[in-house]
Amino acid sequence: DLGVMASMTQNLDPATCVAVVEGFGKIIGGDDDEDDEDYDDDDDDDEYDDDSALEMGFVVEEDDDDLMKPRPPVVTIMGHVDHGKTSLLDAIRNTRVTAGEAGGITQHIAAYQVDHKGQSITFIDTPGHAAFTDMRERGANITDIVILVVAADDGVKQQTADSIVCARQAGVPLVVAINKIDLEASDPNKVMTELTQYDILTEDLGGDVLTSQISAKEGTNLDDLLNKIMLQAEIQDLKANYDRNAEAFVVEAKVEVGLGTVATSLVKKGTLKIGDIFAAGETYGKVRTLISTDGKTRLKEVGPSTPVRIVGFEGIPAAGDSLIVVDDEQTARTLAESRKRITREKSSNLYQTGLMESVSLSFGAQRESRYLYVVVKADVQGSAEALTASLSKLKLENEEATVTVKVLVSDAGEVSKSDMAIASVTPGTTVIAFNVAASMAAMDDARNQNIPLEYYNIVYDAIESVESRMQEVLSPTP
Ligand code: GDP
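Position one of the sequence shown corresponds to residue 82 (full-length UniProt numbering), numbered consecutively onward.
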């Protein structure tokens with residue numbers, strides 16, 4: 082909730098620890114040597130020592146299986162520019178609004194729910210997939226299903242490939258919508274064949290990726306697409322506990338005349354009610370009004386997977402902030418203040434480097450940002466992550482430009498054909514095989530398409546080679 086990503090075995094920095102403890106309304110005491118067992122090393126269960134957890138003020142709230150009830154799927158639409166994402170969202174929204182409203186002003190709505198055969202589907206309308214990745218980096222994994230829109234007359238393009246990588250990294254399954262089938266130039270089969278290069282096997286080709294052929298413009302087959310979404314949701318068996326304090330994510334927040342801060346949010350767990358006190362990012366508040374996202378209905382409460390406009394914030398939260406309901410205002414305020422302090426500390430740590438950068442920037446003219454794209458495959462996930470972390474820190478610059486590394490894939494396993502397909506999208510993308518081999522097909526692709534494929538078993542060597550490629554991007558030899 083503080084935006085710090087850490088698993089159970091990783092250490093947290095002191096500021097975060099303090100914030101967490103204070104967030105639960107406790108303070109950290111001094112040494113008291115009555116209990117020296119910080120860890121309990123028995124391998125009976127992976128459980129915390131209950132007493133010390135309580136002493137720290139933590140309440141580990143688990144959702145009991147019996148309390149879990151089905152919830153609607155949350156869907157994000159992704160794909161290449163101009164392939165019809167906006168048209169599809171509009172088409173879905175417009176066919177579902179009640180008669181009389183159709184043709185009305187279509188204003189941007191960050192999230193909304195549509196009704197399909199008595200069941201709800203929630204759509205997140207984020208501009209492009211940047212919002213999706215941004216939110217995910219902040220720990221806000223709100224999407225259950227990605228609809229990959231591919232124009233049937235244009236096929237798989239750069240952002241189509243990016244979207245695939247993005248969804249895969251997030252572990253979110255795809256439903257493919259082949260759009261613009263009304264056009265004469267449309268060739269759905271070609272799209273399906275192209276997708277196989279990315280290990281996406283559509284139903285027609287005997288795979289299990291659900292696919293619809295649609296025309297967003299003419300409204301063709303939208304029902305079929307919605308059916309497929311419901312089917313995919315059923316496979317995922319999406320559930321949530323409705324009966325607990327709510328947790329939500331802010332999708333978009335702005336100040337509106339007469340209402341103050343209005344945050345379009347999506348409830349993830351529990352039920353959010355009027356009067357609930359909450360902390361959200363660096364601010365807090367009390368739910369004064371809940372409004373449906375189309376602005377028409379005032380609600381008393383909302384359950385999981387439901388988007389809602391919340392009024393009652395003290396400040397303005399940011400997109401991706403998590404909102405959690407707490408017991409009293411004191412806790413809410415402390416949590417918000419702790420988060421604020423963490424942000425401040427982080428930025429003061431960054432201050433030194435930031436200062437250096439801005440000084441050199443103000444002396445030099447505006448520099449162009451350039452990137453070296455790489456695909457990293459390694460024998461184990463840990464090595465892939467470690468190498469990716471090192472590569473992401475590299476930076477070269479001169480008066481004209483700065484070059485940094487963008488890692489498109491960071492994964493365990495041999496270099497496959499789909500890695501090559503991803504690498505082939507941007508010329509110059511380097512594929513690094515760390516302690517792994519490449520499949521025959523991948524090697525063929527590397528040769529035929531001139532994609533650099535390099536093998537390493539020493540991290541330093543890999544870094545050195547990437548640096549020399551970055552140098553080449555910075556000042557290309559004519
Ligand atoms: P986005 O950039 O992915 O959001 O794409 P848009 O929804 O803005 O659509 C790009 C262009 O394609 C617009 O001119 C749309 O009218 C057109 N378009 C979208 N869907 C269809 C379709 O099903 N058939 C045809 N013929 N055109 C479409």
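Glycine included, C-beta positions come from ideal geometry on N, C-alpha and C.
- Close CB contacts of A522 within its chain, under the 6 angstroms cut and outside five residues either way in sequence, are with K498 (chain order).
- Annotated three-state conformation of P151 is strand, per DSSP.
- Residue burial is scored here from C-beta neighbours: P557 has fewer than 16 other C-beta atoms within 10 angstroms and is therefore classed as exposed.
- A Cβ-Cβ separation of about 7 angstroms places V407 in contact with L416 under the 8 angstroms criterion.
- Within the same chain, A493 come within 7 angstroms of V461 by CB-CB distance, once the 5 residues on both sides are set aside.
- For I259, the three-state secondary structure derived from DSSP is strand.
- Under the three-state reduction of DSSP output, E382 falls in the strand class.
- Remark: the shortest separation between the CB of A522 and any heavy atom of ligand 1 does not fall under 8 angstroms.
- Taking 9 angstroms as the cut-off, the Cβ atoms of T345 and A192 count as close.
- The beta carbon of L264 sits closer than 6 angstroms to the beta carbons of D234 from its chain, once the five residues preceding and following it are set aside; these are given in chain order.
- For D263, the distance from the CB to the nearest heavy atom of ligand 1 is below 8 angstroms.
- A residue is called buried once 16 or more other Cβ atoms fall within 10 Å of its Cβ, and N260 is buried on that count.
- I295 has its Cβ nearer than 8 angstroms to a heavy atom of ligand 1.
- Beyond the five residues adjoining it in sequence on each side, S293 comes within less than 6 angstroms, by CB distance, of A258, N302, D305, L306 and K309 in the same chain, given in chain order.
- At a cut-off of 8 angstroms, the beta-carbon of V162 counts as near ligand 1: some heavy atom of the ligand is closer than that.
- For I539, the number of other beta carbons within 10 angstroms of its own is below 16, and it is reported as exposed.
- With distances taken between CA atoms, A329 lies nearest to F359 out of I158, F359, D146 and E337.
- The beta-carbon distance between M501 and V512, rounded to whole angstroms, is 7 angstroms. This is short enough to meet the 8 angstroms contact definition.
- Spatial neighbours of E395 in its own chain (CB-CB distance under 7 angstroms, excluding positions within 5 residues in sequence) are listed in chain order as T364, Y365 and G366.
- Remark: the shortest separation between the CB of V230 and any heavy atom of ligand 1 falls under 8 angstroms.
- Residue state for E410 is assigned as helix, using DSSP reduced to three classes.
- When secondary structure is reduced to three states using DSSP, Y536 falls in the strand class.
- The beta carbon of T224 is closer than 6 angstroms to those of V155, T157 and V253 in its chain, skipping five residues each way along the sequence.
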